[in-house]
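First the structure, in the form of structure tokens, and then the observations on it.
Protein chains in written order, with full-length UniProt numbering: chain A, 1 to 409; chain B, 1 to 409.
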């Protein structure tokens with residue numbers, strides 16, 4: 001079947017014809033639940049049994065802030081293949097893929113609608129006691145087993161070729177690493193923070209560090225990244241964590257994925273200015289977020305290093321001192337990429353709901369200024385970071401400095 | 001035509017049938033001039049006009065020190081495609097490809113038999129006044145225009161996929177970065193230097209640095225490398241330089257190519273112990289070699305930086321301070337990779353004629369010990385290197401130390 005966007009009824013018909021999912025003659029209902037900007041997402045359910053699946057179909061364009069531009073359908077292949085690889089390593093942490101259709105750019109997969117997007121949960125002040133353990137394991141296993149440490153060199157190079165993903169990488173290259181740091185037409189920020197944004201555009205040492213991080217993103221093919229691991233790509237319940245939407249998957253620096261998780265926790269941290277009016281509750285939730293940042297890194301690194309010791313196939317992996325020097329670099333990378341991801345969410349094209357739900361422009365500007373300060377500090381101080389608490393100390397100090405400056409104005 | 005190794009007569013017939021090379025009915029002679037270990041190389045000539053071409057056909061196995069193992073025919077594709085890309089950037093510095101045949105794993109190309117292999121020339125004490133300028137330009141242009149600096153990100157990623165080259169990379173991974181630094185069965189060294197080799201196997205800080213360089217080789221997809229740029233892959237006359245045999249081409253760290261050139265100049269430098277008995281001539285030739293090392297780096301870097309300033313398409317390339325920090329890292333990489341390439345030629349499977357032509361085992365051992373010392377120093381001291389003279393100073397100091405120690409024994 002040549003590509004065309006399916007209707008709800010066509011989606012039902014499509015699923016009915018797939019072997020092994022529903023009984024012949026099953027009565028199915030369909031509901032389109034996507035945001036319609038990039039993909040169609042059909043929730044297809046058999047009322048009689050309660051059984052359900054998701055049909056996700058890529059649209060041949062992207063629609064952001066009123067603009068529309070063509071976007072490769074190949075991202076549906078990338079997403080389904082990445083999900084299958086991740087499922088091999090952490091089956092409980094990603095949706096199962098039942099079927100992929102290249103021509104329709106369509107994937108039929110496990111329904112996770114009993115979960116909520118983590119970003120939404122965090123905005124509502126929810127806590128997820130298992131999240132750090134889950135996401136640490138997700139990253140440790142998916143990244144280790146696709147890296148030169150855990151994969152045969154032939155397998156790794158085949159995967160590099162499978163996930164070149166030029167179009168979606170270009171979006172990251174532009175929107176995370178380039179546009180926000182100059183007066184680019186894609187930028188979209190609160191006019192009240194123009195002074196702080198312009199200071200970033202003129203901050204030469206910062207721009208140099210960001211350019212180095214961009215070069216690392218462009219060249220360092222370390223492992224198969226999720227590539228867009230923010231809290232809007234993570235479904236959660238109190239008990240369960242599911243990572244979705246890996247259409248940005250490609251071979252890049254490992255710190256980019258870890259940095260994405262940490263950046264989005266810290267964006268929520270900064271947004272607490274406007275999200276939680278009660279000072280006591282705000283401080284307590286911020287402590288929860290910082291502890292989660294530390295736990296995410298600590299869980300990741302302890303599992304990653306354990307895999308390294310027990311499972312590394314690469315013959316040079318066990319040379320004395322290598323893993324320590326690797327981890328030292330990795331935490332610096334993580335902080336640097338986290339910083340870029342924070343800055344771009346405040347200055348660049350695509351904001352985050354954590355900040356954007358703050359109605360009052362002044363209050364939102366305060367949160368955004370704090371985010372900008374944290375992002376910059378993480379980038380500029382990253383080479384001195386050795387432990388996860390060094391990262392959270394940077395956040396605490398930036399917050400204290402910010403509060404002090406705000407008080408003296 | 002299904003793959004089979006051609007005879008001399010079949011090679012003539014094949015070339016005759018190609019349009020545009022020779023007139024119909026031309027009288028051609030053929031001579032197989034390869035070493036028969038990896039490829040057949042036919043020199044095909046029309047006596048009447050003096051016109052000639054080379055037909056290079058990959059064999060499906062490699063034969064080294066009596067062993068034989070299967071080797072992908074895909075390397076003929078890699079070689080012909082790499083030559084064509086290099087020809088686009090530096091047409092005077094590589095042979096022109098006239099025809100490539102995927103099924104026969106065969107390339108018809110420009111005949112360079114008026115040139116000699118540079119390794120042979122250096123062993124005979126020849127000097128090549130244009131070499132540094134030529135090879136500097138070869139590397140600057142081929143590396144810059146295939147890097148993220150000079151190529152569009154889509155083009156770069158397509159090239160990464162074209163040149164994954166897993167089998168030949170694996171040879172480098174094993175023979176350059178792993179086997180020589182442990183008691184591997186592939187190693188093949190002069191029994192007289194066992195003590196020095198065992199010291200390397202037990203030198204933990206050295207092994208750590210080599211493991212880091214290996215990880216860089218595995219992960220840093222900076223530019224389309226030649227991948228095997230030693231003096232046996234370079235044809236020269238006094239006026240001309242032609243780089244051949246890029247079947248190891250893949251996306252890797254730029255310093256690996258520059259390091260290969262420098263390593264092979266320094267292997268000849270070390271071999272002067274046995275190649276040139278006259279102390280005065282030896283010193284003079286060594287000075288020539290060290291000046292060439294400096295010139296190779298200086299030519300490369302000045303042309304590369306010039307391209308960066310004038311031709312870089314990457315938007316972040318012009319961020320203040322980036323090229324300086326890039327070059328600083330690059331010279332350290334170059335020295336580190338040069339060091340590995342020196343060590344592996346002394347300890348590992350494939351030696352170099354510069355050393356192996358020294359008949360007397362004792363004299364050869366002296367040259368090899370000096371090479372081992374230089375190689376280690378380049379690796380261990382690489383992060384302090386800023387100028388090409390820092391590299392040659394390391395060589396000079398290692399030589400002085402070596403001479404002193406030899407004198408006191």
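Cβ coordinates follow ideal geometry from the N, Cα and C atoms, glycine included.
Small disclaimer: the values here were computed from a predicted structure and weren't measured.
Assign residue i to one of two classes, buried (16 or more other C-beta atoms within 10 Å of its C-beta) or exposed (fewer than that).
| i | result |
| --- | --- |
| residue 253 of chain A | buried |
| residue 44 of chain A | buried |
| residue 33 of chain B | exposed |
| residue 132 of chain B | buried |
| residue 333 of chain B | buried |
| residue 308 of chain A | buried |
| residue 39 of chain A | buried |
| residue 400 of chain A | exposed |
| residue 323 of chain B | buried |
| residue 91 of chain B | exposed |
| residue 30 of chain A | buried |
| residue 238 of chain B | exposed |
| residue 408 of chain B | exposed |
| residue 287 of chain B | exposed |
| residue 79 of chain A | buried |
Comparing alpha-carbon positions, which option in the options lies nearest residue i?
| i | options | result |
| --- | --- | --- |
| residue 330 of chain B | B:125, B:298, B:402 and B:30 | B:298 |
| residue 160 of chain B | B:82, B:52, B:15 and B:268 | B:82 |
| residue 142 of chain B | B:85, B:167 and B:181 | B:85 |
| residue 103 of chain B | B:236, B:73 and B:127 | B:73 |
| residue 374 of chain A | A:270, A:352 and A:5 | A:270 |
| residue 242 of chain B | B:87, B:268, B:290 and B:93 | B:93 |
| residue 402 of chain B | B:12, B:2, B:49 and B:368 | B:368 |
| residue 281 of chain A | A:125, A:397 and A:366 | A:125 |
| residue 354 of chain B | B:284, B:289, B:267 and B:285 | B:267 |
| residue 224 of chain B | B:237, B:250, B:96 and B:244 | B:250 |
| residue 203 of chain A | A:100, A:386, A:372 and A:362 | A:372 |
| residue 293 of chain B | B:275, B:240 and B:259 | B:259 |
| residue 135 of chain A | A:46, A:340, A:262 and A:288 | A:262 |
| residue 156 of chain A | B:218, B:108 and B:140 | B:218 |
| residue 130 of chain B | B:109, B:3 and B:235 | B:235 |
| residue 390 of chain B | B:13, B:184 and B:295 | B:295 |
| residue 174 of chain A | A:138, A:154 and A:213 | A:213 |
| residue 302 of chain B | B:112, B:140, B:109 and B:107 | B:140 |
| residue 49 of chain A | A:42, A:60, A:68 and A:28 | A:28 |
| residue 221 of chain B | B:198, B:5, B:169 and B:380 | B:169 |
| residue 394 of chain B | B:377, B:386 and B:19 | B:377 |
| residue 171 of chain A | A:310, A:62 and A:96 | A:62 |
| residue 4 of chain A | A:59, A:54 and A:361 | A:59 |
| residue 41 of chain A | A:149, A:122, A:383 and A:9 | A:9 |
For a test of the three-state rule: what should DSSP assign to residue i, helix, strand or coil?
| i | result |
| --- | --- |
| residue 456 of chain A | Beyond the ends of chain A as shown, which are 1 and 409, falls residue 456 of chain A; an answer cannot be given. |
| residue 37 of chain B | coil |
| residue 239 of chain B | coil |
| residue 56 of chain B | strand |
| residue 269 of chain A | helix |
| residue 227 of chain B | coil |
| residue 43 of chain B | strand |
| residue 220 of chain B | strand |
| residue 232 of chain B | helix |
| residue 288 of chain B | helix |
| residue 18 of chain B | coil |
| residue 325 of chain B | helix |
| residue 10 of chain A | helix |
| residue 62 of chain B | strand |
| residue 3 of chain A | coil |
| residue 147 of chain B | coil |
| residue 348 of chain A | coil |
| residue 29 of chain A | strand |
| residue 339 of chain A | helix |
Practice task
Kindly confirm or deny that the segment 222-238 of chain B and the segment 23-30 of chain B touch, where touching means at least three C-beta pairs closer than 8 Å.
Solution key: no
Handout entry: alpha helix (DSSP H) runs contained entirely in the segment 164-211 of chain A, provided each spans 4 or more residues
Key = 166-175 and 194-201
Problem - Any beta strand (DSSP E) of 3 or more consecutive residues that is wholly inside the segment 66-138 of chain A - result: 67-70, 97-101 and 106-110
Handout entry: Segment contact flag, the segment 337-348 of chain B with the segment 182-196 of chain B, C-beta cutoff 8 Å, min 3 pairs
Key = yes
Problem - Three or more C-beta pairs below 8 Å linking the segment 305-320 of chain A and the segment 198-208 of chain B - result: yes
Exercise for the section: Inspect the CB distances between the segment 109-116 of chain A and the segment 7-20 of chain A and report whether three or more fall short of 8 Å. Expected result: no
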